[in-house]
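Take 1 as the starting number for the sequence shown in UniProt numbering and just add one per residue.
Cβ coordinates follow ideal geometry from the N, Cα and C atoms, glycine included.
Note that the coordinates shown come from a computational prediction; the quantities given were computed from them, not determined experimentally.
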Amino acid sequence: MPSRPILIHSAFAAVFAVIAIFAWATASGTTASWFSADLSSQAYAASLIGAVVVAIALATAAVSHLGRLEDARRSIALRIAEMPEADLLPTGEATLVTSEAIRMMPPSDEEVDDLLTTLATPVPGAPPGMEIEITGTLVEVSAALTAARTRKELMKALLIERARVEVAREAAAPSIAGPIVVALLFASAAGAMLPGSDAFAASHFQLNTALMLFLGYGWMFLVLWAVLALAMLTARSPLDGRDPVRSGKRRS
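Here you go:
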């Protein structure tokens, strides 16, 4: 199933293709310039500046977002490394760790329950002193096993959060690629036509008309696309506890 960025970028690409076809079809039927040299010059200058601002703003937002994600990734990695269960994770850079695998890490939940049941079962014919020792041992072992189970739950939460961070890092560039490309296209077209907005635009009035229509109708959709790209950039991954996550450990 296509990802959300691909669907959104494809939809906006289709919109801009329709605008381009409409602009050229309209301009090709003209017999004189629709726009004066002053108006063309102002429109190209505004489009050039605006497109550069949009591209820089999107790139800056992506870099800042990646920096925050990198800080989060390092923080999670440090917390995982401090846990005793970290050495029990499967090795390999691309190893996937499922929630079930985390649940079965030694001691597994089943082993914990069996051990607690065994320790709680009275030993036939045991002296009273031994029963007291067994009771004390049971309390200590129960506390240790409960702590181990709690750490496994924390490990699961950390790995799922780390997976979200990795997904967000991988999706950062694709989220903003579309509007940046179109913004640079706007800037290139406006920058190329700006010096010739007088004589060249007058002699090639159909090209000038087509570009003016394309920029004029396209700006609203470019701004909307940029806003949606920023929303996708900062959106959280929809991972849940049933999804496989990467262990993040490399084979030594």
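Span of the alpha helix (DSSP H), counted from its first residue to its last, around residue i
i      : result
His9   : Arg4 to Ser28
Asp71  : Ala37 to Ala81
Gly218 : Phe205 to Thr234
Three-state secondary structure assigned by DSSP to residue i
i      : result
Ala32  : coil
Pro174 : helix
Pro195 : coil
Ile132 : The predicted model places Ile132 with a pLDDT of 44, which falls under 50 and marks its position as unreliable, so this point remains unresolved.
Asp240 : With a pLDDT of 42 at Asp240, under the threshold of 50, the modelled position of that residue is not reliable, and the figure given next carries that caveat. In the structure shown, Asp240 sits in coil (DSSP, three-state: anything other than H, G, I, E or B).
Leu154 : helix
Close beta carbons around residue i, own chain, < 7 angstroms, minus the five adjacent residues each side
i      : result
Leu158 : Ile76, Arg79 and Ile80
Ala210 : Ala23, Trp24 and Ala27
Glu161 : Ile76
Val223 : none
Leu233 : Ala61, Ala62, His65, Ala172, Ser175 and Ile176
Leu48  : Ala187, Ala190, Gly191 and Leu194
Ser3   : none
Ala72  : Val165
Ala59  : Ile180
Any non-hydrogen atom of the ligand ZN within 7 angstroms of residue i CB
i      : result
Phe186 : Annotation note on the ligand ZN: not contained in the displayed structure, which lists no ligands.
Neighbourhood of residue i by C-beta, 6 angstroms cutoff - its chain only, sequence neighbours within 5 removed
i      : result
Ile134 : With a pLDDT of only 48 at Ile134, under 50, the local geometry of the prediction cannot be trusted, and no value is derived from it.
Ala229 : Ser175, Ile176 and Pro179
Phe205 : Ser33
Met227 : Reading off the sequence, residue 227 comes out as Val, not Met. Here the set comprises nothing.
Integer Cβ distance of residue i from residue j, believed to fall under 8 angstroms
i      : j      : result
Ala183 : Ala55  : 4 angstroms
Val52  : Ala187 : 5 angstroms
Leu185 : Ala43  : Between Ala43 and Leu185 the Cβ distance is about 16 angstroms, and since that is not below 8 angstroms, they are no contact.
Phe16  : Gly218 : 6 angstroms
Pro212 : Phe35  : Before going on, a small fix: residue 212 reads as Met here, not Pro. With 8 angstroms as the limit, Met212 and Phe35 qualify as a contact, their Cβ atoms being about 5 angstroms apart.
Own chain residues within Cβ distance below 8 angstroms of residue i, not counting five before or after
i      : result
Ala14  : none
Ala45  : Ala190 and Leu194
Phe221 : Phe12, Val15, Phe16 and Ile19
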